[in-house]
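These notes concern the structure reproduced below.
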Amino acid sequence: MRVGVYLAHPRVGSFNHALFEAVVQELRGRGCDVVAHDLCAEGFPAVLGAEETETVRAAARAGDPRVAAHRREVGTLDAMVFVHPNWWGMPPAVLVGWVQRVFVPGVAYKLGSAEGEPAGLLRAGRALVLNTSDTPAEREASEFGDPLERVWAACVLPYVGVVDVRRVVFRTVSDSADDVRAEWLARARREAAALVG
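The opening position of the sequence shown corresponds to residue 8 in our numbering, with each subsequent residue numbered one higher.
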């Protein structure tokens, strides 16, 4: 099984990095072909250029070779894992830019289906999203309604063909003890194993 694992956090040594490393190690230990990307460390060019916004030709206009490589690669995946913090109810900008530049028509979906909805083109039928947050769950639900759940499970992944979207939130990270973080890392490993099991 070929799995893409994507990290979006700029600070080396963050708990997001620990989650990323645990997941990559777990998947490789289970014999998966893992394509691991630390988007910030790689300097992924997140800004969508005007030349890429013409929907019909977007897939053909990846001027940056890094974007073109990601577009080719995403079509070869059987599953995807995204690791990122909740910043202002959104993924970090580098991951938003990755979605906008990689999940384009002709690569991740096609327009004009009979139902009028985009039709997913990716073969990766399942994805795992691991988020960190410093907002308590009760406050998240009552004040914000968990915007990241809507982003991934309603707005992005179903439209590219991912029908099995799993998500785990680890909170609150900034005041978490080492033993709690160790439990979270173990859970991340279990979730990754279940994704490919």
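Where a beta carbon is used, it is the ideal one built from N, C-alpha and C, also for glycine.
About 7 Å separates the beta carbon of H16 from that of C47, a gap short enough to meet the 8 Å contact definition.
Using a C-beta cut-off of 8 Å, the region 128-146 makes contact with the region 169-179, since at least three inter-stretch Cβ pairs fall below that distance.
Counting only runs that start and end inside the region 81-130, the alpha helix (DSSP H) elements of at least 4 residues fall at 100-109. For R174, DSSP records a beta bridge to V136. In this structure, L129 lies away from A148, with their beta-carbon atoms at least 7 Å apart. Residue pairing from DSSP places A43 in a beta bridge opposite V12. The alpha-carbon separation between P112 and V167 amounts to approximately 9 Å. With fewer than 16 other Cβ atoms inside 10 Å of its own Cβ, R197 counts as exposed.
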